[in-house]
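Numbering (the numbering used here), first residue to last: 227 to 447. First up is the structure itself, then whatever we jot down about it.
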């Protein structure tokens, strides 16, 4: 970053590419595992909150409180329990952050199912579980996936903060570049994080189209 220093040193990228790849893999794991765990937890909690609405507000309020906590502070609090520079120390807070987005998405998605559709399913002899799997969840997919897209992109971004406690995937490049006043690793880290976020969002958009073929047919008509 000093005077006369080029913005990007391509030779440095070539020499350090194996290390960058390892940081990239580490970043992907720590970003996606919390989202997957959050989805597995949010589905039953969202279903329960949609069925018994009295549970919804306390659950969402608790998740909002967790979401408002600074991620670095939560990482530091967890260090005595999960260890310094451990993936678990980063994954646990990001899972709760994902829940804060995914639980309302599941509840809103189920609330978007029209009453007459549910009544028609019951009239056709659908039991509660069959109606849930074949009627409610498919209709809720667009709303749930919209929440999943937000949670995924947020998780990919927040992983970088973990570099301050020794485990932040591509965030290490930011710390390294700043400490050495060297712009190349910072730029590489930013570009790769953006690329990861765009790819993840694109894959989820594709998944939504594959899971909701009736929506494509309606647009075509």
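Using N, Cα and C, we set each Cβ at its ideal position, and we do this for glycine too. None of these values were measured; they are calculated from a predicted model.
Between the alpha carbons of residue i and residue j, how many angstroms are there, rounded?
i: residue 267; j: residue 397; result: 27 Å
i: residue 242; j: residue 329; result: 40 Å
i: residue 254; j: residue 332; result: 24 Å
i: residue 366; j: residue 334; result: 8 Å
i: residue 425; j: residue 318; result: 24 Å
i: residue 257; j: residue 385; result: 6 Å
i: residue 415; j: residue 421; result: 10 Å
i: residue 279; j: residue 336; result: 12 Å
i: residue 247; j: residue 262; result: 22 Å
i: residue 316; j: residue 339; result: 36 Å
i: residue 239; j: residue 383; result: 22 Å
i: residue 368; j: residue 325; result: 17 Å
i: residue 264; j: residue 322; result: 7 Å
i: residue 373; j: residue 327; result: 6 Å
i: residue 423; j: residue 351; result: 43 Å
i: residue 342; j: residue 361; result: 12 Å
i: residue 288; j: residue 389; result: 27 Å
i: residue 401; j: residue 412; result: 8 Å
i: residue 250; j: residue 354; result: 43 Å
i: residue 375; j: residue 259; result: 14 Å
i: residue 407; j: residue 320; result: 29 Å
i: residue 428; j: residue 379; result: 11 Å
i: residue 277; j: residue 381; result: 28 Å
i: residue 235; j: residue 283; result: 52 Å
i: residue 245; j: residue 314; result: 21 Å
For residue i, which of helix, strand or coil comes out of DSSP?
i: residue 256; result: helix
i: residue 235; result: coil
i: residue 279; result: helix
i: residue 438; result: coil
i: residue 387; result: helix
i: residue 428; result: helix
i: residue 296; result: coil
i: residue 261; result: helix
i: residue 339; result: coil
i: residue 350; result: coil
i: residue 309; result: coil
Apart from the five residues just before and just after residue i, which ones in its own chain have a Cβ nearer than 6 Å to its Cβ?
i: residue 233; result: 409
i: residue 311; result: 392, 393
i: residue 419; result: 396
i: residue 293; result: 323, 326
Who are the near neighbours of residue i in its chain, counting only those whose CB is closer than 8 Å to its CB and skipping five residues on each side?
i: residue 357; result: 344, 347, 348
i: residue 364; result: 437, 438
Suppose the cutoff is 7 Å on Cβ atoms and the five residues either side in sequence are ignored; what does the same chain contact list for residue i look like?
i: residue 371; result: 430, 433, 434
i: residue 274; result: 281
i: residue 290; result: 326
i: residue 300; result: 319
At least one CB of chain C closer than 8 Å to the CB of residue i: is that the case?
i: residue 370; result: Any reference to chain C falls outside this structure, which holds one protein chain only.
Runs of alpha helix (DSSP H) lying entirely within the segment 362–418, each at least 4 residues, in chain order: 363–384, 397–406
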